[in-house]
Amino acid sequence: MAQITATPNEETSIQQAASAFQLGEPIAEHQIKRAGIYIRIGLGILVTLLPPFWAYISMDDTLLVTLLFTLAFCSLLLTAFQLFSLPYAYDWRLYTFREGFLFTAPDKIEAFRWDAIESVKEQQEERHFLRLIPLGQSTSYLIRRHDGCTIHIPGLFTNFSTFRARLIETLKQRLLPEAIAAYEAGKEQQFGPLTLSQQGITCKGQDISWQHFKALTQRRDGSLKLETRGTTSVPPIAMSTVPNLAVLQALLTHIREQAA
C-alpha cells in the first residue's frame with residue numbers, strides 16, 4: 028500500500044475524496060518530475076548569461092551585439108516564465124487507487140473511478156527547452172467520465188507507467204467484452220473517425236475490407252496509420268481523435284485472430 032505524503036489538511040481532503048468515491052486503498056503516489064525542470068531552468072540561465080559575454084568580446088560589431096542582447100532578453104523572459112510556473116506545477120499530485128485515481132492541484136481535487144470512465148484519448152506532446160528546442164515526446168491522457176467531466180493528465184509524473192498500466196488494464200477489462208459482443212452481433216463500433224463493422228473499417232469515407240486491412244500503427248509524430256494490402260492509401264489520423272485506442276487495438280487483434 029502506498030503512503031500519501033501531504034500536509035495534514037491536504038491529506039484529510041484526499042482521504043475524504045477517496046472515501047466519497049470509494050476508491051479503495053492507494054497503490055502509488057506520483058509527483059511532477061523535477062529534475063527536468065531544474066535542468067531547463069539551469070540551461071535557460073546559461074543561455075541568458077552567455078550572449079552578454081559574447082557581446083563584450085565583440086563590441087566592434089554593433090549588429091552582432093544587438094542580436095546577442097536580443098537573444099539574452101528572450102531567453103530571460105522564457106526562463107522567468109519557467110520559474111514563475113514552477114511552484115504551481117510542484118503542487119500537482121496524482122494518486123493511483125485500487126478503484127480509481129485522484130488528481131490534486133492548488134485549486135482543485137478531482138476523483139475518478141475506473142468504472143465511471145467513458146473514454147480515454149491519448150496524445151503525444153512535444154517537450155521543448157525554453158519552448159524552442161525539442162527535447163522529445165511524452166504521452167498525455169484526456170479522460171472523460173460518464174457525467175461529462177473531463178481531465179487532462181500529462182505524462183510528466185514520476186512512476187507514470189503504474190498509472191498508465193492501471194488505466195489501460197481497467198479500461199480494456201470493462202469495454203473490450205462489450206465491443207467484441209457488439210461486433211459479433213453485427214453492430215458498428217465507432218472510435219472517433221474510425222468505424223468498424225463485420226465488413227471492415229471505414230475511415231474518412233474510405234472503406235477497407237478485412238481482407239485488405241493489415242494493421243493500425245502508431246507513428247512517431249503522434250498520428251495513426253491504417254496499413255493496407257494493395258494500392259489503397261488512407262491519410263494518417265491524429266491519435267488524439269481516437270477514443271479508447273487500447274480497446275480498439277485489442278478488438279482489431281481479436282478480429283484478426285478470429286479470421287486466421
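Take the sequence shown: its letter number 198 is residue 225 in the working numbering, and every next letter is one higher.
Cβ atoms here follow ideal geometry from the backbone N, Cα and C, with glycine treated the same way.
**Request:** With a 10 Å radius around its C-beta and 16 neighbouring C-beta atoms as the bar for buried, classify P204 as buried or exposed.
**Result:** For the purposes of this step, residue 204 is identified with residue 177 of the sequence shown, where counting begins at 1. P204 comes out exposed.
**Request:** Can you tell me which of the three DSSP states P204 falls into?
**Result:** As a first step, residue 204 must be located in the sequence shown, where it is residue number 177. Secondary structure at P204: helix, using DSSP grouped into helix, strand and coil.
**Asked** Would you say the stretch 201 to 217 touches the stretch 177 to 193, given that touching needs at least three Cβ pairs under 8 Å?
**Response** no
**Request:** Would you kindly report the start and end of the unbroken beta strand (DSSP E) that includes L183?
**Result:** Numbered from its first residue, the sequence shown carries residue 183 at position 156. The continuous stretches of beta strand (DSSP E) do not include L183, and DSSP gives it neither H nor E.
**Request:** With a threshold of 16 other CB atoms inside 10 Å of the CB of H57, please say whether the residue is buried or exposed.
**Result:** Here residue 57 corresponds to residue number 30 of the sequence shown, with the count starting at 1. Answer is buried; the Cβ neighbour count reaches 16.
**Request:** Can you tell me the Cβ-Cβ gap for E211 and S224, rounded? I've got them flagged as a contact below 8 Å.
**Result:** Working through the sequence shown from its first residue, we reach residue 211 at position 184. Working through the sequence shown from its first residue, we reach residue 224 at position 197. At roughly 11 Å, the Cβ-Cβ gap does not stay under 8 Å, so E211 and S224 are not in contact.
**Item:** Touch test, the stretch 255 to 274 against the stretch 228 to 238, Cβ-Cβ under 8 Å, three pairs minimum
**Value:** yes
**Asked** Closest Cβ-Cβ distance between P53 and chain D: below 8 Å?
**Response** The structure shown contains no chain D; it holds only a single protein chain.
**Request:** Go ahead and label K231 buried or exposed: buried means 16 or more other beta carbons lie within 10 angstroms of its beta carbon, across all protein chains shown.
**Result:** One-based indexing of the sequence shown puts residue 231 at position 204. With fewer than 16 other Cβ atoms within 10 Å, it is exposed.
**Inter-residue CB distance, S167 and I180 (contact presumed, cutoff 8 Å)** = As a working mapping, residue 167 is identified with position 140 in the sequence shown. As a working mapping, residue 180 is identified with position 153 in the sequence shown. So it is a contact: roughly 6 Å between Cβ atoms.
**Request:** Can you give me the Cβ contacts of T222 inside the same chain, cut-off strictly under 8 Å, excluding the 5 residues immediately before and after it?
**Result:** Locating residue 222 in the sequence shown gives position 195, counting from the first residue. Closer than 8 Å at Cβ, skipping near neighbours: E215, Q216, I228, T229, C230.
**Message:** I'd like to confirm the pairing. Which residues does DSSP put opposite T177 in its beta bridges?
**Reply:** The sequence position of residue 177 within the sequence shown is 150, counting from 1. Beta-bridge pairing links T177 to R171.
**Prompt:** For E145 versus R172, is the C-beta spacing smaller than 8 Å?
**Reply:** Here the question's residue 145 lines up with position 118 in the sequence shown. Here the question's residue 172 lines up with position 145 in the sequence shown. Yes, these two residues count as a Cβ contact at 8 Å.
**Message:** Assuming R120 is part of the beta strand (DSSP E), what are its boundary residues?
**Reply:** Along the sequence shown, read from residue 1 onward, the residue named residue 120 stands at position 93. Here the beta strand (DSSP E) through R120 covers 120 to 124.
**Request:** Could you please give me the residues that DSSP links to T259 through a beta bridge?
**Result:** Looking up residue 259 in the sequence shown gives position 232. Per DSSP, none; premise fails for T259.
**Request:** Go through its chain and collect everything with a Cβ distance to V274's Cβ below 7 Å, but skip five positions before and after it.
**Result:** Against the sequence shown, residue 274 aligns to sequence position 247. Counting only Cβ-Cβ distances below 7 Å, and skipping sequence neighbours, we find L198, K199, L202, L203, A206.
**Request:** Helix, strand or coil for D234, going by three-state DSSP, please let me know.
**Result:** In the sequence shown, the residue the question calls residue 234 occupies position 207. Correct three-state label for D234: strand.
**Request:** Report the option in D174, Q151, G175 whose CA atom is closest to the CA atom of S165.
**Result:** As a first step, residue 165 must be located in the sequence shown, where it is residue number 138. For the residues D174, Q151, G175, the minimum Cα distance to S165 belongs to Q151.
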